[in-house]
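For reference, the structure discussed in these notes is given below.
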Amino acid sequence: MIRKAIQSDIIQASKVLEEVKMDMLCEGVDQWDQEYPNEVVLTQDIDKEQAFIYEEQGELVAYMALNEKCDEEYNDLNWNTSIPFLVIHRLYVKPAAQGKGISSKMIRYAEQYAVEHKYQSIRFDAFSLNETANAVYLKKGYHLVGTVNFRKGVFNCYEKAI
């Protein structure tokens with residue numbers, strides 16, 4: 001169900017991303033827009049072999065990127081673990097498939113990936129106004145380390161030791 005994304009996935013990944021952006025806007029969450037993330041960013045993820053998708057019956061329903069890259073704003077926080085750490089980026093689930101535990105499966109996959117590749121922890125940020133995402137991460141045992149400011153506002157930064 002979860003596999004590394006390939007170039008032929010880009011059309012579906014971009015289509016689902018646009019659905020997610022529209023759904024978030026309808027919910028009053030102005031986290032993502034045309035500037036970020038976009039098809040160029042997803043293509044770069046796939047080219048670097050850092051993109052992973054969740055499929056159901058041949059249909060792409062979720063996406064995330066995994067790598068060691070973090071924004072320089074992360075350096076100002078007091079993380080609980082040292083390097084190496086894995087960062088989750090751009091985790092999204094098709095609106096029609098939300099509420100079915102798919103994001104939890106993606107997170108578990110990232111955690112297993114981190115264990116297999118000998119990372120010390122997983123780190124990521126979530127838009128502070130995205131209450132659903134923040135609740136999921138806390139429920140999964142991630143700890144709030146602090147906040148950073150990006151173009152769209154305040155983002156909560158999370159970490160979990162592996």
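Residue 1 is where the sequence shown starts when you use the UniProt record's numbering, and the numbers rise one by one after that.
Note that CB positions come from ideal geometry on N, CA and C, so glycine has one too.
Residues near residue i in its chain [Cβ-Cβ closer than 8 Å; skip 5 each side]
{"i": "Val41", "result": "Arg90"}
{"i": "Gln120", "result": "Thr81, Ser82, Ile83, Pro84, Phe85, Ala161, Ile162"}
First through last residue of the alpha helix (DSSP H) which encompasses residue i
{"i": "Thr43", "result": "39-47"}
{"i": "Tyr92", "result": "Not the alpha helix (DSSP H): Tyr92 falls in the beta strand (DSSP E), residues 85-93."}
Beta-carbon proximity list for residue i, same chain, < 7 Å, skipping 5 on both sides
{"i": "Ile107", "result": "Lys140"}
{"i": "Gln12", "result": "Leu60"}
{"i": "Gln50", "result": "Ala65, Leu66, Asn67"}
{"i": "Val93", "result": "Val61, Ala62, Ile102, Ser103"}
Three-state secondary structure (DSSP) of residue i
{"i": "Ala5", "result": "coil"}
{"i": "Cys26", "result": "helix"}
{"i": "Asn134", "result": "helix"}
{"i": "Leu144", "result": "strand"}
{"i": "Ser103", "result": "helix"}
{"i": "Ser82", "result": "coil"}
Straight-line Cα distance separating residue j from residue i
{"i": "Phe155", "j": "His117", "result": "27 Å"}
{"i": "Ile2", "j": "Thr147", "result": "30 Å"}
{"i": "Asn75", "j": "Leu25", "result": "30 Å"}
{"i": "Ile122", "j": "Ala114", "result": "7 Å"}
{"i": "Glu19", "j": "Trp32", "result": "11 Å"}
{"i": "Tyr158", "j": "Ser8", "result": "32 Å"}
{"i": "Val136", "j": "Pro37", "result": "21 Å"}
Residue interval of the beta strand (DSSP E) (run including residue i)
{"i": "Ala65", "result": "59-67"}
{"i": "residue 164", "result": "Lying outside 1 to 162, the shown extent of the chain, residue 164 is not represented and no answer is given."}
{"i": "Tyr74", "result": "Premise fails: Tyr74 is in no beta strand (DSSP E) and is neither H nor E."}
{"i": "residue 164", "result": "An answer regarding residue 164 cannot be provided, because it is not within the stretch 1 to 162 covered by the chain."}
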